[in-house]
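See below for the structure under consideration.
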Amino acid sequence: MGKRGNRSKNRGQNNPNRPRTPKKKRPIPFDPEKHLLPPEPPERNYSSCPLSGEEIDDIVNAIAHPQTGAPVRFDSVIKSLREQESEELAEDERLAYLGRGNFGIVKIEKKGKNRPELVVRKYFHYEDTHDKQTWRKELSPGISRDYIPNPQPLADLYTSEELAAFPRFDASSSAVTLR
1 MGKRGNRSKN
11 RGQNNPNRPR
21 TPKKKRPIPF
31 DPEKHLLPPE
41 PPERNYSSCP
51 LSGEEIDDIV
61 NAIAHPQTGA
71 PVRFDSVIKS
81 LREQESEELA
91 EDERLAYLGR
101 GNFGIVKIEK
111 KGKNRPELVV
121 RKYFHYEDTH
131 DKQTWRKELS
141 PGISRDYIPN
151 PQPLADLYTS
161 EELAAFPRFD
171 ASSSAVTLR
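Read in the UniProt record's numbering, the sequence shown has 170 at position 170, and its numbers run on one by one without any break.
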């Protein structure tokens with residue numbers, strides 16, 4: 001007896017309205033021989049925080065001081081902004097970091113269909129984003145657009161005999177066959 005109607009073995013598989021379950025991706029195991037990591041940031045002794053006078057123990061979370069560009073402790077910036085702010089924060093408001101050197105007074109409001117939405121009541125532009133600080137550039141080698149690689153010349157790495165043994169892939173080499 002043949003098939004009747006819409007019934008088949010693969011019923012529902014070609015239905016565009018049915019949500020597809022994504023295939024599970026296998027995690028790629030970390031192999032230090034294949035996956036090269038950028039070098040660790042160099043150990044530096046930074047001067048103390050200009051605002052609090054404490055030692056800067058986490059330079060990655062430091063913010064640039066607006067006048068000097070020196071690194072400032074993140075919690076010191078929050079504390080100074082709370083002291084400078086003349087108006088009191090409401091019970092549901094917070095002072096938060098918004099990114100790119102900006103802080104703001106934020107609160108979460110319920111909007112249409114009871115969806116929460118982050119509302120920024122007031123902005124504080126703390127860090128000068130036009131100046132590039134040297135202490136920031138050295139924290140992200142290989143990632144930052146400001147990082148200029150300084151590779152070692154091949155002549156320093158290999159002898160002239162080893163360099164001559166390397167295959168050449170230009171018009172003068174024997175490895176290229178012209179047709």
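Virtual Cβ for every residue (Gly too), placed ideally from N, Cα, C. Source: prediction; values computed, not measured.
Worksheet item: Alpha carbon to alpha carbon, how far is A64 from D58?
Response: Looking at the two C-alpha atoms, the distance is approximately 13 Å.
Worksheet entry | For Y46 and K132, the rounded distance between their alpha carbons | 17 Å
Worksheet entry | R179, DSSP secondary structure in three states | Only weak support exists for where R179 lies, its pLDDT of 47 falling under 50; the value from the coordinates is given anyway. Residue state, collapsed to three classes: coil.
Item to complete: Please confirm whether any heavy atom of the ligand ZN lies closer than 7 Å to the CB of S86.
Response: Ligands in the displayed structure: none, and consequently the ligand ZN is not present.
Item to complete: Tell me, please, which residues DSSP counts as bridged to Y123.
Response: G104
Fill in: Bounding residues of the beta strand (DSSP E) (the contiguous stretch that carries E93)
E93 to G99
Worksheet item: Going by beta carbon distance, what residues of the same chain come within less than 8 Å of V120, once the five residues before and after it are set aside?
Response: Excluding sequence positions up to five before and after V120, its CB lies within less than 8 Å of the CB of L98, G104, I105 and V106, all in the same chain and listed in chain order.
Worksheet item: Name the DSSP bridge partner or partners of I63?
Response: V72
Discussion item. Taking the straight line between their C-alpha atoms, what separation do you get for T177 and F30?
Written reply: Residue placement at T177 is poorly supported in this model, since its pLDDT is 49, which falls under 50; the coordinates still yield a value, given next. Answer to the nearest angstrom: the Cα atoms are 39 Å apart.
Practice prompt. Might you give, ordered along the chain, the residues of its own chain that have their beta carbon closer than 8 Å to the beta carbon of D128, omitting 5 neighbours on each side?
Written response: A64, P66, G69 and G101
Worksheet item: Grouping DSSP H, G and I as helix and E and B as strand, with all else coil, what is E117?
Response: strand
Practice prompt. Sort E162, S52, K122 and Y123 by Cα distance to S76 and report the nearest one.
Written response: That would be S52, whose Cα lies nearest to the Cα of S76.
Worksheet item: Once you ignore the five residues that flank E162 on each side, which residues in its own chain have a CB closer than 6 Å to its CB?
Response: none
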